[in-house]
Amino acid sequence: MRLLVTGGAGFIGANFVHTAVHDHPGDSVTVLDALTYAGSRESLDPVAQAVTLVVGDVADADLVDSLVAESDAVVHFAAETHVDNSLADPHPFLRTNVIGTFTVLEAVRRHGVRLHHVSTDEVYGDLELGSAQRFTEATPYNPSSPYSSTKAASDMLVRAWVRSFGVNATISNCSNNFGPYQHVEKFIPRQITNILTGRRPKLYGAGANVRDWIHVEDHNSAVRRILESGEPGRTYLIGADCERSNLSVLQEILTLMGRDADDFDQVTDRAGHDLRYAIDPSTLRSELGWKPRHPDFRDALRATIDWYEANEDWWGPLKDSVEDDYRKRGQ
Ligand code: NAD
Ligand code: TDX
């Protein structure tokens, strides 16, 4: 398969490309990535010989058209992804997430190429703390932040292009990922690298908000399964039944790293902070036979801590400026 992976130099995309190269040697992989602050050429170093990296914008219609014309399938990860950044400046989110997805859709429509669109559970808004409710494929969209509203818009475009133009596309909405190569702006790597650099971890508010965690390799194995066996036009929810409050995740990190469980700062809460996300992944399991390979959160978290300890060359150059930005926002 000739695969075009947009956003393949970001966290999830780079992990997807690593697996494609190792587990599917018949694939030829081209990455289209603008190498924004969130993308890194180094994340593709382990597979650099096997991958073509095109540095460019997913909203550049001519470039996207020429790359899609040479592909059998597109896996579309490219996006602006950090909720806090979307609160500070929504503009790039509109451009990349909405216009970028529109650009990809027009190209796959012209060339009859298969598309998998990678999206988030944040499009559904949030759930009550302590309720038993979970998101399903039928949950109405109700996004809260500029980030999630642009991802919701991108999903709607994909659905419309399937219905109106017969584009062969699937969508997945996944819960919170963690694992190697995640940018240090995000919750888990921020706290690990705060501890590794002698800073105190930073918890928004009281830390009661709940996220449903999944290891990035499990997200990607589901994406691969949907790409190969998913039904055109369908949406699949990806999750690994791992709800945790932010406070409990932070205390697990502190304990695994040999610190006291109360050795952190409480900082200004996020505006409009979604309370709880929880995915019902039963359709994916029953229809496509997918299951996670990293079911033990503590083991996967320990391995992630080990990765950040061993890879300061990768994250070290980013750390100070990320913390400067957070400090300016009181976080
Ligand atoms: P990331 O921020 O780590 O990576 C995004 C990548 O997209 C970067 O390499 C960046 O350079 C690239 N990019 C940004 N703007 C671009 C543009 N205009 N043109 C080309 N490339 C551009 O994000 P991630 O966490 O790897 O997320 C990947 C996808 O998965 C996103 O679509 C996101 O919405 C979705 N998702 C993420 C999570 C999560 O927990 N991280 C969960 C569910 C869904
Ligand atoms: O320093 C922090 N302290 C803190 O308490 C940071 C960075 C975050 N938090 C909280 C906010 C959230 O409740 O931790 C939780 C997780 O925060 P993020 O890592 O920013 O993730 P979230 O906002 O939940 O969104 C993530 O999952 C869904 C990704 O960033 C999205 O791209 C994805 O769609």
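Counting with my numbering, you get residues 75 to 405 for the letters of the sequence shown. The beta carbon of each residue, even a glycine, is placed where N, CA and C say it ideally should be.
Query - Near ligand 2: residue 281 beta-carbon under 7 Å from a heavy atom - result: The residue labelled residue 281 in the question sits at position 207 within the sequence shown. Under cutoff, so the answer is yes.
Requested in this report: Measuring alpha carbon to alpha carbon, tell me which of 173, 400, 163 ends up nearest residue 131.
Outcome: The count along the sequence shown starts at 1 and reaches residue 131 at position 57. Nearest C-alpha to residue 131: 173.
Requested in this report: Figure out for me which residue from 267, 248, 327, 334 has the closest Cα to the Cα of residue 256.
Outcome: As a position in the sequence shown, residue 256 is number 182, starting the count at 1. Cα-wise, what sits closest to residue 256 is 267.
Report task. Hey, could you find the ends of the beta strand (DSSP E) residue 111 is sitting in? Result -> Translated into positions along the sequence shown, residue 111 becomes position 37. Residue 111 -> no beta strand (DSSP E), and no H or E assigned at all.
Query raised in the report: Beta-carbon separation of residue 142 and residue 88 under 8 Å?
Result: On the sequence shown, residue 142 is found 68 positions in, with the first residue counted as 1. On the sequence shown, residue 88 is found 14 positions in, with the first residue counted as 1. No, these two residues do not count as a Cβ contact at 8 Å.
Query raised in the report: Can you name, in chain order, every residue of its own chain whose Cβ lies under 8 Å from the Cβ of residue 277, other than the five neighbours on each side?
Result: For the purposes of this step, residue 277 is taken as residue 203 along the sequence shown, with counting starting at 1. If we look at residue 277 and ignore the five residues flanking it on each side, its Cβ neighbours are 320, 321, 324, 338, 339, 340, 341.
**Report entry** Where residue 223 sits in the DSSP three-state scheme
**Finding:** Numbered from its first residue, the sequence shown carries residue 223 at position 149. Correct three-state label for residue 223: helix.
Requested in this report: Go to residue 128, then tell me how far its beta strand (DSSP E) extends in each direction, as first and last residue.
Outcome: Looking up residue 128 in the sequence shown gives position 54. Its beta strand (DSSP E) spans residues 125-129.
Query raised in the report: Closer than 7 Å: is that where the CB of residue 407 sits relative to any heavy atom of ligand 1?
Result: In the structure as shown, the chain begins at 75 and stops at 405. Residue 407 is therefore absent and cannot be evaluated.
Query raised in the report: Is it true that the CB of residue 83 sits closer than 8 Å to the CB of residue 103?
Result: Here residue 103 refers to the residue found at position 29 of the sequence shown. Here residue 83 refers to the residue found at position 9 of the sequence shown. No, the pair does not count as a contact, with Cβ atoms beyond the cut-off.
Requested in this report: Helix, strand or coil for residue 317, going by three-state DSSP, please let me know.
Outcome: In the sequence shown, residue 317 corresponds to position 243, counting from 1. Strand, per DSSP.
Query raised in the report: Contact between the stretch 201-213 and the stretch 347-356: three or more CB pairs below 8 Å?
Result: yes
**Report entry** Segment limits, alpha helix (DSSP H) that includes residue 264
**Finding:** Taking the first residue of the sequence shown as position 1, residue 264 is located at position 190. Taken as a continuous stretch (DSSP letters only), the alpha helix (DSSP H) holding residue 264 covers 261-270.
**Report entry** Exposed unless 16 or more other CB atoms sit within 10 angstroms - verdict on residue 196
**Finding:** Within the sequence shown, numbered from 1, the residue matching residue 196 stands at position 122. Per the 10 Å Cβ criterion, buried.
Query raised in the report: Among residues of its own chain, excluding the 5 on either side of residue 362, which ones have a beta-carbon nearer than 6 Å to its beta-carbon?
Result: Here residue 362 is taken as the residue at index 288 of the sequence shown, counted from 1. If we look at residue 362 and ignore the five residues flanking it on each side, its Cβ neighbours are 299, 303.
Query - Cα-Cα separation, residue 309 to residue 149 - result: Working through the sequence shown from its first residue, we reach residue 309 at position 235. Working through the sequence shown from its first residue, we reach residue 149 at position 75. Using only the alpha carbons, I get a separation of about 14 Å.
Query raised in the report: Roughly how many angstroms separate the alpha carbons of residue 76 and residue 146, rounded to a whole number?
Result: Start at 1 with the first residue of the sequence shown, and residue 76 comes out as number 2. Start at 1 with the first residue of the sequence shown, and residue 146 comes out as number 72. Going from the Cα of residue 76 to the Cα of residue 146 covers about 5 Å.
Requested in this report: Indicate, with yes or no, if ligand 1 has a heavy atom lying under 7 Å from the CB of residue 121.
Outcome: For this step, residue 121 is matched to residue 47 along the sequence shown. For ligand 1, not one heavy atom lies less than 7 Å from the Cβ of residue 121.
Report task. Classify residue 264 as buried or exposed, calling it buried when 16 or more other Cβ atoms lie within 10 Å of its own Cβ. Result -> Numbered from 1 along the sequence shown, position 190 holds the residue referred to as residue 264. Classification for residue 264: buried.
Query raised in the report: Residue ranges of each beta strand (DSSP E) run of no fewer than 3 residues wholly in the stretch 188-248, ordered along the chain?
Result: 188-194, 243-248
**Report entry** heavy atom of ligand 2 below 7 Å from residue 156 C-beta
**Finding:** Position 82 of the sequence shown, counted from the start, is the residue given in the question as residue 156. Result yes, Cβ under 7 Å from ligand 2.
Query raised in the report: When we look at the beta-carbon of residue 190 and count the other beta-carbons within 10 Å, is it buried (16 or more) or exposed?
Result: Counting from one through the sequence shown, the residue named residue 190 turns up at place 116. Residue 190 comes out buried.
Requested in this report: Check the C-beta distance from residue 292 over to residue 366 and give it rounded, since I have them as a contact under 8 Å.
Outcome: Residue numbering aside, residue 292 sits at position 218 when the sequence shown is read from its first letter. Residue numbering aside, residue 366 sits at position 292 when the sequence shown is read from its first letter. That pair is a contact at about 4 Å.
Report task. Tell me whether residue 188 is buried or exposed, calling it buried when 16 or more other Cβ atoms sit within 10 Å of its Cβ. Result -> If you number the sequence shown from 1, residue 188 lands on position 114. Counting Cβ neighbours within 10 Å, residue 188 comes out buried, since at least 16 surround it.
Requested in this report: Measure the C-alpha to C-alpha separation of residue 381 and residue 96 and round it to an integer number of angstroms.
Outcome: For the purposes of this step, residue 381 is taken as the residue at position 307 of the sequence shown. For the purposes of this step, residue 96 is taken as the residue at position 22 of the sequence shown. Using only the alpha carbons, I get a separation of about 19 Å.
Report task. With residue 78 as the anchor, note down where its beta strand (DSSP E) starts and where it stops. Result -> Position 4 of the sequence shown, counted from the start, is the residue given in the question as residue 78. Note, residue 78: beta strand (DSSP E), 76-80.
Report task. Return the residue from the list 244, 288, 386 that minimises the CA-CA distance to residue 373. Result -> Taking the first residue of the sequence shown as position 1, residue 373 is located at position 299. Taking only the C-alpha atoms, the option nearest residue 373 is 288.
Requested in this report: Have a look at residue 301 and residue 247 and give me their C-alpha separation to the nearest angstrom.
Outcome: Within the sequence shown, the letter at position 227 stands for residue 301. Within the sequence shown, the letter at position 173 stands for residue 247. Each residue's Cα considered, the two are about 14 Å apart.
Query raised in the report: Within this structure, are the beta carbons of residue 251 and residue 348 separated by less than 8 Å?
Result: The residue you call residue 251 lines up with position 177 of the sequence shown. The residue you call residue 348 lines up with position 274 of the sequence shown. No, the pair does not count as a contact, with Cβ atoms beyond the cut-off.
Query raised in the report: Of all the options 312, 334, 378, which has the alpha carbon lying nearest to the alpha carbon of residue 262?
Result: Counting from one through the sequence shown, the residue named residue 262 turns up at place 188. For residue 262, the nearest C-alpha among the options comes from 378.
Query raised in the report: To which residues of the same chain is residue 91 closer than 7 Å at the C-beta, ignoring the five residues directly before and after it?
Result: Taking the sequence shown and counting its residues from 1, the one referred to as residue 91 is at position 17. The answer, listed in chain order, is 79, 82, 103, 105, 118, 121, 125.
Requested in this report: Please work out which residues of its chain come closer than 7 Å, Cβ to Cβ, to residue 198, disregarding the five sequence neighbours upstream and downstream, and give them in chain order.
Outcome: As a working mapping, residue 198 is identified with position 124 in the sequence shown. The answer, listed in chain order, is 209, 213, 215, 216.
**Report entry** Whole alpha helix (DSSP H) elements within the stretch 316-345, 4-residue minimum
**Finding:** 320-330
**Report entry** Alpha-carbon to alpha-carbon, residue 193 and residue 226
**Finding:** For the purposes of this step, residue 226 is taken as residue 152 along the sequence shown, with counting starting at 1. For the purposes of this step, residue 193 is taken as residue 119 along the sequence shown, with counting starting at 1. For residue 226 and residue 193, the distance between alpha carbons rounds to 8 Å.
Requested in this report: Please classify residue 151: does DSSP put it in a helix, a strand, or coil?
Outcome: For the purposes of this step, residue 151 is identified with residue 77 of the sequence shown, where counting begins at 1. Coil at residue 151, not helix or strand.
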